[in-house]
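Trainee:
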Amino acid sequence: MTGITYEDFIDLDYEPADDELVCDFRVTPASDMDMESAGSRVASESSNGTWAELQVEGSITDLSATCFDIQGDRIRVAYPDALFEHGNMPQVLSCIAGNILGMKAVERIRLLDCDWPEPLTSSFPGPQYGTSVRSELLDAADRPITATVPKPKVGLSTDQHVQVAYEAWTGGIDLLKDDENLTDQSFNRYEDRLYQSLERRDEAEEETGERKSYLVNVTGTGDQMLERVQMAADAGCEFVMVDVVTAGWAAVQQVRELTEEEGLAIHAHRAMHAAFDRVPDHGVSMRALAQVARLCGVDHIHTGTADLGKLENEDTAGINEWLASDLHGLKDVLPMASGGLHPGLVPELVDRIGTNIGIQAGGGVHGHPDGTHAGAKALRQSIDAAVAGIDIEEYADTHPELRTALDKWGTE
Ligand code: CAP
Ligand code: MG
773 MTGITYEDFI DLDYEPADDE LVCDFRVTPA SDMDMESAGS RVASESSNGT WAELQVEGSI
833 TDLSATCFDI QGDRIRVAYP DALFEHGNMP QVLSCIAGNI LGMKAVERIR LLDCDWPEPL
893 TSSFPGPQYG TSVRSELLDA ADRPITATVP KPKVGLSTDQ HVQVAYEAWT GGIDLLKDDE
953 NLTDQSFNRY EDRLYQSLER RDEAEEETGE RKSYLVNVTG TGDQMLERVQ MAADAGCEFV
1013 MVDVVTAGWA AVQQVRELTE EEGLAIHAHR AMHAAFDRVP DHGVSMRALA QVARLCGVDH
1073 IHTGTADLGK LENEDTAGIN EWLASDLHGL KDVLPMASGG LHPGLVPELV DRIGTNIGIQ
1133 AGGGVHGHPD GTHAGAKALR QSIDAAVAGI DIEEYADTHP ELRTALDKWG TE
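Anchor point for the sequence shown: position 193 equals 965 in the numbering used here, and the numbering is continuous, going up by one each time.
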């Protein structure tokens, strides 16, 4: 019989094996703990330990995690591969972002980053398209893809919604998406919206000679969500949108399986992410959430606006860089910038995070003084100017819709 105690979960000389998942945490220990005591408790509770010393037989400690590095308020923990059920993201998160977030041994703890090993990574599908949506599904080539979401975010009737969509597409927008809290309400039914949007989408494609897509929000419960995905596929969608945090990772994984068969890309909206990542020394970082989303197989994910716009952001550039990096052969993910954007912010946005992005504006399109169509043109013009390296004020001299947008919102 061997007793498992907290001391079994810390070894500062330990070198993780290649197949171990290594997680980086920021830790504020409880007032009566030092970093070593807190680190061993984190490794214990997130793998196979508990508060009491356990008498067990056999090599059960092979599943124990090891806190192997402590630097200031950062600790690193290595998790053996066999601890995880491959391909099951909820199970993985119940280890590395589970009970430890509430344990009394730490006053605060944040999962900052993960180094995903090959065996665990390869058990997930990753994105089906990733950034190749730009040319495989759309005609965006090297420019940022453009997206808009009708505003008000809920309340428009189906007729109003699809009219806004048509005006946006014909003004130069690639993707018309539903808002995060629009699904199948009485004023705008899912099925009606889906079919009518695609009819107008076809007209807009004909008129502009560009491929356009509709991102219908399939977020729902279990089978209902899968039925919505199937309906979208049968109707001729290229994408579906999922509120990945509120729907949950099991749901995302289910949708990913179906989209593989149907060749649909997944646009991930991250509503509620801030419950995990807004407090800087606690929770789960947006970087880690984006990693989870990539493994589960989304093709786009919102990653913020590099501190421009209306919402708080965590290191947009760093997250985007990770989404583009090599990950044991998994495809990359196209980051979406969204939240309070308007045409005047586009040059600075592209300067900060480059052109391998999607730019999504709701208010910044529909709030244009001359309406949605002019607003869509202004957004596209600002992107064209930024990509061509032409000063936006100069470009506005020959593009009246952009001029009106700059007069209204400025460039900050
Ligand atoms: C933007 C938006 C997006 C958020 C998501 C909204 O509208 O539609 O959902 O930007 O945020 O509902 O606020 P506006 P994030 O363009 O009118 O601001 O990308 O940070 O997840
Ligand atoms: Mg929204």
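Just so you know, even glycine gets a beta-carbon here, dropped at the ideal spot from N, CA and C. None of these values were measured; they are calculated from a predicted model.
What's the gap between the Cα of Arg1186 and the Cα of Glu1010?
Mentor: With the chain running from 773 to 1184 in the structure shown, residue 1186 is simply not present.
Trainee: Quick one: using the 10 Å Cβ neighbour count with 16 as the cut-off for buried, is Met773 buried or exposed?
Mentor: Here the model assigns Met773 a pLDDT of 46, short of 50, so the residue's position is not dependable, and the following value carries that caveat. Exposed, since its Cβ has fewer than 16 Cβ neighbours within 10 Å.
Trainee: Report the start-end ranges of each alpha helix (DSSP H) in the region 1003-1031 that is 4 residues or longer and not cut off at the edges.
Mentor: Listed in chain order, the complete alpha helix (DSSP H) runs (minimum 4 residues) inside the region 1003-1031 are 1016-1019.
Trainee: Decide if the region 888-908 is in contact with the region 791-806; the criterion is three or more beta carbon pairs, one per stretch, under 8 Å apart.
Mentor: Yes, they touch.
Trainee: Can you list, in chain order, the stretches of the alpha helix (DSSP H) that have 4 or more residues and sit fully within the region 1109-1135?
Mentor: Listed in chain order, they are 1118-1125.
Trainee: Between which residues of its own chain and Glu1173 is the CB-CB distance below 6 Å, once the five residues before and five after are set aside?
Mentor: Result list for Glu1173: Ala1146, Lys1149, Ala1150, in chain order.
Trainee: Just to check, is the beta-carbon of Asp951 closer than 7 Å to a non-hydrogen atom of the ligand MG?
Mentor: Yes, the ligand MG has a heavy atom inside 7 Å of this Cβ.
Trainee: Measure the alpha-carbon distance for Leu947 versus Leu987 and round it to whole angstroms.
Mentor: Rounded to the nearest angstrom, the two C-alpha atoms are 7 Å apart.
Trainee: Taking 7 Å as the cut-off, is the CB of Gly1135 close to at least one heavy atom of the ligand MG?
Mentor: Answer for Gly1135: no, Cβ out of range of the ligand MG.
Trainee: When the Cα of Lys1082 is compared with those of Val1056, Gln1063, Gly1135, Ala1040, which residue comes out closest?
Mentor: For the residues Val1056, Gln1063, Gly1135, Ala1040, the minimum Cα distance to Lys1082 belongs to Gly1135.
Trainee: Can you say whether Gln843 is buried or exposed, counting buried as having 16 or more other CB atoms within 10 angstroms of its CB?
Mentor: Label assigned to Gln843: exposed.
Trainee: Note down, in chain order, each residue of its chain lying with its Cβ closer than 6 Å to the Cβ of Ala1096, except the 5 sequence neighbours on either side.
Mentor: If we look at Ala1096 and ignore the five residues flanking it on each side, its Cβ neighbours are Asp1104.
Trainee: Looking only at its chain, what residues have a beta carbon closer than 8 Å to the beta carbon of Asn1092, apart from the 5 residues adjacent to it on each side?
Mentor: The residues are Thr1075, Pro1107, Ile1125, Gly1126, Asn1128, Ile1129.
Trainee: Looking only at C-alpha atoms, which of Val1064, Trp1094, Asp1179, Leu1061 sits nearest to His1114?
Mentor: Ranking Val1064, Trp1094, Asp1179, Leu1061 by Cα distance to His1114 puts Asp1179 first.
Trainee: Val849: beta carbon under 7 Å from a heavy atom of the ligand MG?
Mentor: Not under cutoff, so the answer is no.
Trainee: Taking C-beta to C-beta, are Asn836 and Ser819 nearer than 8 Å?
Mentor: Sequence inspection shows Ser at residue 836; the Asn mentioned does not correspond to that position. Contact: yes.
Trainee: DSSP has Gly1055 in a bridge; who is on the other side?
Mentor: For Gly1055, which the question treats as bridged, DSSP gives the partners Arg882.
Trainee: Distance, Cα to Cα, Thr1183 vs Gly1116?
Mentor: Approximately 4 Å, taken between the alpha carbons.
Trainee: Would you call the CB atoms of Asp1071 and Tyr901 closer than 8 Å?
Mentor: The answer is yes: Cβ separation under 8 Å.
Trainee: Check whether the Cβ of Lys1082 sits closer than 7 Å to any heavy atom of the ligand CAP, and report yes or no.
Mentor: Yes, since a heavy atom of the ligand CAP falls inside the 7 Å radius drawn around the Cβ of Lys1082.
Trainee: Measure how close the beta-carbons of Pro916 and Ile776 come, nearest whole angstrom, since I'm counting them as under 8 Å.
Mentor: Incorrect: roughly 52 Å between the Cβ atoms, too far for contact.
Trainee: Between the Cα of Thr838 and those of Asn860, Pro862, Arg813, spot the shortest distance and give me the residue it belongs to.
Mentor: It is Arg813 whose Cα lies nearest to the Cα of Thr838.
Trainee: At a threshold of 7 Å, does Lys1103 count as lining the ligand CAP (C-beta to nearest heavy atom)?
Mentor: Lys1103 Cβ: outside cutoff for every heavy atom of the ligand CAP.
Trainee: Determine the DSSP secondary structure at Met773, reduced to helix, strand or coil.
Mentor: Only weak support exists for where Met773 lies, its pLDDT of 46 falling under 50; the coordinates are left without a value.
Trainee: Leu954 and Lys923: beta carbons closer than 8 Å?
Mentor: Going by C-beta atoms, Leu954 is not nearer than 8 Å to Lys923.
Trainee: When the Cα of Gln863 is compared with those of Val1064, Gly1139, Glu1120, which residue comes out closest?
Mentor: Of the candidates Val1064, Gly1139, Glu1120, the one whose C-alpha sits nearest the C-alpha of Gln863 is Val1064.
Trainee: Does the contact criterion of 3 or more C-beta pairs under 8 Å hold for the region 972-987 versus the region 938-945?
Mentor: Enough Cβ pairs lie closer than 8 Å, so yes.
Trainee: So, helix, strand or coil for Gln900, using DSSP?
Mentor: In this structure, Gln900 counts as coil in the three-state DSSP scheme.
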